[in-house]
Amino acid sequence: MALLAADLKEGTKTVHADAERSKFIKYFFKGEISPATYGRFLISLYQVYTALEKALDAHKDNENLALLYFPVELSRKAALEEDLEFFNGPEWRDMLNPVSPAQKAYIAAIERCSNTKPELLIAHSYVRYLGDLSGGQMLSKKLQKYNDLPEGKGVAFYEFPLIEDLDDFKNQYRKRLNQVEVDEETHQQIVEESCQAFVRNIDIFQEFDHELEGLPLTKKEKEALEAAQAEQAAHSGFLANLAPSNLINSIASAVGLKSSA
528 MALLAADLKE GTKTVHADAE RSKFIKYFFK GEISPATYGR FLISLYQVYT
578 ALEKALDAHK DNENLALLYF PVELSRKAAL EEDLEFFNGP EWRDMLNPVS
628 PAQKAYIAAI ERCSNTKPEL LIAHSYVRYL GDLSGGQMLS KKLQKYNDLP
678 EGKGVAFYEF PLIEDLDDFK NQYRKRLNQV EVDEETHQQI VEESCQAFVR
728 NIDIFQEFDH ELEGLPLTKK EKEALEAAQA EQAAHSGFLA NLAPSNLINS
778 IASAVGLKSS A
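The opening position of the sequence shown corresponds to residue 528 in this note's numbering, with each subsequent residue numbered one higher.
What follows is the structure in structure tokens.
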């Protein structure tokens, strides 16, 4: 059987790239996510981690999950609570309801794994925690750079004070992934569930897309938009290309956004 860590990396490559190209992440890296929007985004993360860490705690004696159970080093719930109060104020818990559709779907996916085949929680643990230890560190720097945050404030979610060397920890985590002993079917299901976890993350991002409407495009995005418009004009003789939805989809594709048409 192939090594699980390698299969997870390869199997999620495409959807991982899709998540990185999402509108929310693109604007995050440009510093155009407002503190208010980010504060609401943290609510979504809190809902997800509350469900995930509850499930991992419930199955901590599962021999495969135990290999990847690091409640002290990795748990994000308390760190999120600190950041939630910083961005949203002391009444942040009032923002937990209503639960959004994307939040509900993500929570339901975690609960389904917990209730039917706990080994599939490995997928959600892998996507969330390794993401926080990797790309999350870059997001932390962007958040601090563009929001001029006070020292040590607003970025607790991205900090792992009990892990001395993040790269070494990630390597050890991957080694433990390769020690997981499941049958071939479950092995493949873990990879598939990891792909779905990325999709759930993208769905969370897209719930904030409407808040990014009207923000200025970068030079690269403007050029892509103009190129798409020129291409459509050049083929305007074809009736199929005259359909407004086709034009919108072409432009959205060119700038890396998804059309709702």
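Backbone N, C-alpha and C fix where the C-beta goes; we use that ideal spot for every residue, glycine too. Keep in mind that this is a model prediction, so the values were computed, not measured.
With the rule of 3 Cβ pairs closer than 8 Å, the segment 632-644 counts as touching the segment 570-582. If you look at residue 715, you'll find it in the alpha helix (DSSP H) that goes 711-733.
Contact between residue 726 and residue 531 is absent: CB atoms are separated by about 20 Å, not below the 8 Å threshold. The beta carbons of residue 560 and residue 623 sit about 20 Å from each other, so the pair does not count as a contact at 8 Å.
Check the Cα spacing between residue 657 and each of 732, 698, 538: the tightest is with 698.
Nearest in C-alpha terms to residue 739, of all of 563, 676, 540, is 563.
The beta carbon of residue 715 lies closer than 7 Å to none in the same chain, with the five residues before and after it left out.
Within the segment 639-716, complete alpha helix (DSSP H) segments of at least 4 residues are found at 648-652, 662-674, 693-704, given in chain order. The C-alpha of residue 685 lies about 14 Å from the C-alpha of residue 566. Within its own chain, the residues whose Cβ lies closer than 7 Å to the Cβ of residue 729, once the five positions on either side in sequence are excluded, are 545, 546, 549, listed in chain order. Around the CB of residue 603, 16 or more other CB atoms lie within 10 Å, so the residue is classed as buried. In the same chain as residue 583, and ignoring 5 residues on each side of it, the C-beta atoms closer than 7 Å to its own belong to 592, 596, 648, 652, in chain order. Going by C-alpha positions, residue 534 is about 30 Å away from residue 668. Annotation for residue 541: the continuous alpha helix (DSSP H) segment containing it runs 540-547. The C-alpha of residue 680 lies about 42 Å from the C-alpha of residue 529.
For residue 571, the enclosing alpha helix (DSSP H) covers residues 562-585.
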